[in-house]
Amino acid sequence: MCGIVGYNGNGHASPILLECLSKLEYRGYDSAGIAVRDNDGNISVVKAKGRLKVLSEKVDGGRALPGNIGIGHTRWATHGEPSEANAHPHISGNNMEDSPVVGVHNGIIENYQELKEMLTKAGYVFYSQTDTEIAIKLVDYYYREFPDPKQALSQTMMRLRGSYALAFLFKDYPDMIWAARKDSPMIIGVKGDESFLASDVPAILKYTRDIYYVGNMEIACLGKGSVSFYDIDCNPLQKETVKITWDADAAEKGGYEHFMIKEIHEEPRAISDTLNSLIKGGGIDLSASGLSDDDIRAVTDIRIVACGSAWHVGMQAKYVIEDIARIPVGVELASEFRYSRPIMGPGTLVIIISQSGETADSLAALREAKSQGVKTLAIVNVLGSSIAREADFNLYTLAGPEIAVATTKAYSAQLVTCYSIAVHFAFVRGLLEKEQYSAFISDLLAIPAKAESLLEDKERIQWFAAKYANAHDAFFIGRGIDYSIALEGSLKMKEVSYIHSEAYAAGELKHGTISLIEDKTLLVGILTQNRLFEKTVSNMVECKSRGAYLMAIAGAGHYQIEDTADFTVYIPRVDEHFAGSLAIIPLQLFAYYTSVARGLDVDKPRNLAKSVTVE
Ligand code: AGP
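Residue 569 in the working numbering sits at position 575 of the sequence shown, with consecutive numbering throughout.
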């Protein structure tokens, strides 16, 4: 996700802003920029695509930008390709002269389209593709009516929907930085006659450990070493500083021990942000992808092509799309698809799923499909990535940058994107009544809160993981959707704990693999599909009778499983099509805690890369 910073003091702002931004690089970004006011009151904005180094060179390490107050930004593109024009800071006019407001933003404005229409009618002209420019111009719109920054921010906050950490320079208020926050993180640090603003602690840890956490719907005004806070009604608020005791490394992980556990905790937000980009006004809207309803009605069959965990998403999507939308779905490993001379017709839709958007096999598969004139839809997490650029249609997951090699939040965001495709395709093709469509949508929107509740079980899972940290083999089994969940649970385990692990369709065990089950073998049964519950339980019992130790992931209410399983995690009630987005969380936690118990480098497992950009 993006990173914002601010500095107000008597030091040279530019190098300090660049230093603060450098401590946010770990969050992932594609462009950066700073805005600094010099002692004559002129605000200069300098932006650059690419690494922070490019920006730093443009301003000669900051020496080319005098002044002791400014804001800065590292951008993780969500609306609009990575480019200098889309980079922040953004200005409220079309040039600096007619821009009383300059700002930076971290977050996602959900109602940006309606606001853009309103502002366009009011005479505003837009130079970028970003939701942020719209937010900055909205502040300007209200500032012209209420020439008081906190009034203008208050009015703006009442109109914005979504998440934002916003920081501004107002031309008429030369000695202040103004800020407003909802949902996206923002902290403010003070030391002597200096004030610092940032998205995250690492940015300012070098300068101060005394920080204020800015609350939701709060406004802040940074003076030189002093900060005033207001609520959305512009009433003053009193806040106390908090002393940060973390070291820099822990601070980058937001206080978590590893990025993987941090990103598991970010899953509810990743799911929510992704769903909010697809579900508008009570319906699913895939039009941002470029797919029209006619395109959807013309689909005769779907081929999902991916690698690793993304392929597991495809395996799960097959069950869900075929059951709800009744469209035949083939799921292919990209490394196989690209050499298999695939047979596709004019109605085939190839869906490429990729977190990085740079996986070589998946990119090659995309090109193979396009060479045959087949329509291609990419589900990717990185705007401007190769797969996103080359596919005919794009649906972006909004999981934010994923740092741990083992994917968690991006996997979950891909899953809910595929669920949305299944439901929307079924509705457009006339297979769902409005009531069923709405019921599916409310089930989808309930997933983030249910995912959050599963995180409360982590201590129990950590205890069980410690018991099994020395296992040599683990087997994950399930039927239907549960089999696809088993695939991902198994990969997570072997990826980060190096324990040999296999996933099997439960009914397939007796065709050979059950010969491997012996005393103390760990077997994890996935039991979210009611109509298949007894079948899989009987497979688990077959293994238990041969000495296996059983863990179960079961749907709420199936308490009889505790007569069979030695350890059970229940998932909250949800439409069974969507159970995978919940069942995977305890499995991710299980793999994570097993790796930690074995003292391994859980974020950077041996032999693995975050993006496999070579064959
Ligand atoms: C996920 O935990 C793995 N690191 C790996 O299987 C990954 O899913 C695969 O390499 C595909 O990557 P992509 O989604 O970036 O294309």
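By construction, the Cβ of each residue, glycine as well, lies at the ideal position given by its N, Cα and C atoms.
Look at the Cβ atom of H82, then the Cβ atom of G27, and state whether they are nearer than 9 Å. Taking the first residue of the sequence shown as 1, we reach residue 82 at position 88. Taking the first residue of the sequence shown as 1, we reach residue 27 at position 33. Yes, Cβ-Cβ distance for H82 and G27 is below 9 Å.
How do the segment 512 to 529 and the segment 470 to 483 stand: do at least 3 beta-carbon pairs fall below 8 Å, yes or no? yes
Beta bridge counterpart(s) of L191 as assigned by DSSP: As a first step, residue 191 is located in the sequence shown; it is residue number 197 there, counting from the start. In DSSP, L191 forms a bridge with G0, I182.
Under the three-state DSSP convention, the category R297 falls into: Numbered from its first residue, the sequence shown carries residue 297 at position 303. Three-state DSSP puts R297 in a strand.
Reducing DSSP to helix, strand and coil, say where G97 ends up. Residue 97 sits at position 103 when you count from the first residue of the sequence shown. Strand.
Is the segment 203 to 221 touching the segment 539 to 559, taking contact as three or more C-beta pairs under 8 Å? no
For N229, report the span of its alpha helix (DSSP H) as first-last. On the sequence shown, position 235 is the one that residue 229 refers to. Run containing N229: none; DSSP gives neither H nor E here.
Identify, in the order they occur along the chain, each residue of the same chain with its Cβ nearer than 7 Å to the Cβ of S266, setting aside the five sequence neighbours on each side. In the sequence shown, the residue the question calls residue 266 occupies position 272. Only P442 meet the Cβ criterion.
Straight-line CA distance for S50 to P94? Numbered from its first residue, the sequence shown carries residue 50 at position 56. Numbered from its first residue, the sequence shown carries residue 94 at position 100. Distance between the alpha carbons of S50 and P94 is about 25 Å.
Tell me, please, whether the segment 394 to 406 touches the segment 415 to 427 by the rule of three or more beta-carbon pairs shorter than 8 Å. no
Cβ neighbour criterion (16 or more within 10 Å) applied to A115: Residue 115 sits at position 121 when you count from the first residue of the sequence shown. Sequence inspection shows Lys at residue 115; the Ala mentioned does not correspond to that position. So K115 ends up on the exposed side.
DSSP on A500, reduced to helix/strand/coil? Start at 1 with the first residue of the sequence shown, and residue 500 comes out as number 506. Here A500 sits in helix by DSSP.
Assuming G156 and I102 make a contact with CB atoms under 8 Å, what is their CB distance in whole Å? Translated into the one-based positions of the sequence shown, residue 156 becomes position 162. Translated into the one-based positions of the sequence shown, residue 102 becomes position 108. So it is a contact: roughly 5 Å between Cβ atoms.
Just to confirm, is the Cβ distance from R21 to G277 under 9 Å? Translated into the one-based positions of the sequence shown, residue 21 becomes position 27. Translated into the one-based positions of the sequence shown, residue 277 becomes position 283. The answer is no: Cβ separation not under 9 Å.
DSSP state of R155, grouped into three classes? Position 161 of the sequence shown, counted from the first residue, corresponds to residue 155. DSSP places R155 in coil when its eight states are reduced to three.
Does DSSP put G302 in a helix, in a strand, or in coil? In the sequence shown, the residue the question calls residue 302 occupies position 308. Helix at G302.
Only counting the same chain, and skipping five residues up and downstream in sequence, which positions put a Cβ closer than 6 Å to that of Y23? As a first step, residue 23 is located in the sequence shown; it is residue number 29 there, counting from the start. T68, R69, W70.
Got a sec: does the ligand AGP put a non-hydrogen atom nearer than 8 Å to the Cβ of T562? Locating residue 562 in the sequence shown gives position 568, where the first residue counts as 1. For the ligand AGP, not one heavy atom lies less than 8 Å from the Cβ of T562.
Count the other CB atoms within 10 Å of the CB of C14; is the residue buried (16 or more) or exposed (fewer)? By one-based count along the sequence shown, residue 14 stands at place 20. Flag for C14 reads buried.
Using alpha carbons as the reference points, say which of I347, E139, E75 lies closest to A311. What you label residue 311 is simply residue 317 of the sequence shown in a count that begins at 1. Looking at the Cα atoms, I347 is the closest of the given residues.
Check: K486 C-beta below 8 Å from any heavy atom of the ligand AGP: As a position in the sequence shown, residue 486 is number 492, starting the count at 1. Because some heavy atom of the ligand AGP lies under 8 Å away, the Cβ of K486 counts as near it: yes.
Rounded separation between L371 and L199 - CA only: Within the sequence shown, numbered from 1, the residue matching residue 371 stands at position 377. Within the sequence shown, numbered from 1, the residue matching residue 199 stands at position 205. Roughly 42 Å between the two C-alpha positions.
Sorted by chain position, which residues of the same chain lie with C-beta nearer than 6 Å to F387's C-beta, five sequence neighbours on each side aside? Residue mapping note: residue 387 aligns to position 393 of the sequence shown, counting from 1. Taken in chain order, the residues that qualify are S283, G284, L285, L371.
Using DSSP's beta-bridge definition, name the partner residues of S38. In the sequence shown, the residue the question calls residue 38 occupies position 44. DSSP, once it has assigned bridges, lists V30 as partnering S38.
With a threshold of 8 Å, establish whether the CB of L602 neighbours any heavy atom of the ligand AGP. Within the sequence shown, numbered from 1, the residue matching residue 602 stands at position 608. Correct: L602 has its Cβ closer than 8 Å to the ligand AGP.
For I63, write down the residues that DSSP places opposite it in a beta bridge. Taking the sequence shown and counting its residues from 1, the one referred to as residue 63 is at position 69. N2, R31.
Between I65 and D204, what straight-line distance do the alpha-carbon atoms span, to the nearest angstrom? Here residue 65 corresponds to residue number 71 of the sequence shown, with the count starting at 1. Here residue 204 corresponds to residue number 210 of the sequence shown, with the count starting at 1. Rounded to the nearest angstrom, the two C-alpha atoms are 20 Å apart.
Option in D476, T562, L510 with minimal Cα separation from H571: Position 577 of the sequence shown, counting from 1, holds the residue named residue 571. If we check each option's Cα against that of H571, D476 comes out closest.
Cα separation between G55 and V40? Here residue 55 corresponds to residue number 61 of the sequence shown, with the count starting at 1. Here residue 40 corresponds to residue number 46 of the sequence shown, with the count starting at 1. C-alpha separation (whole angstroms): 12 Å.
Distance CB(Y224)-CB(K144) smaller than 9 Å: Locating residue 224 in the sequence shown gives position 230, counting from the first residue. Locating residue 144 in the sequence shown gives position 150, counting from the first residue. In contact: Y224 and K144 (Cβ atoms closer than 9 Å).
For I489, is the beta carbon positioned less than 8 Å from some heavy atom of the ligand AGP? For the purposes of this step, residue 489 is identified with residue 495 of the sequence shown, where counting begins at 1. Per the sequence shown, the amino acid found at residue 489 is Glu instead of Ile. Correct: E489 has its Cβ closer than 8 Å to the ligand AGP.
Using three-state DSSP, classify K176 as helix, strand or coil. Against the sequence shown, residue 176 aligns to sequence position 182. It is a strand residue.
Following the continuous beta strand (DSSP E) through D204, name the residue where it begins and the one where it ends. Here residue 204 refers to the residue found at position 210 of the sequence shown. 204 to 207 is the extent of the beta strand (DSSP E) around D204.
Span of the alpha helix (DSSP H) holding S222? Taking the first residue of the sequence shown as 1, we reach residue 222 at position 228. Segment 221 to 224 is the beta strand (DSSP E) holding S222; no alpha helix (DSSP H) there.
With 16 as the cutoff for other CB atoms within 10 Å, does G(-3) come out buried or exposed? Here the question's residue -3 lines up with position 3 in the sequence shown. With 16 or more Cβ atoms within 10 Å of its Cβ, G(-3) is classed as buried.
Ordered list of alpha helix (DSSP H) runs contained in the segment 344 to 386, each at least 4 residues: 354 to 365, 380 to 384
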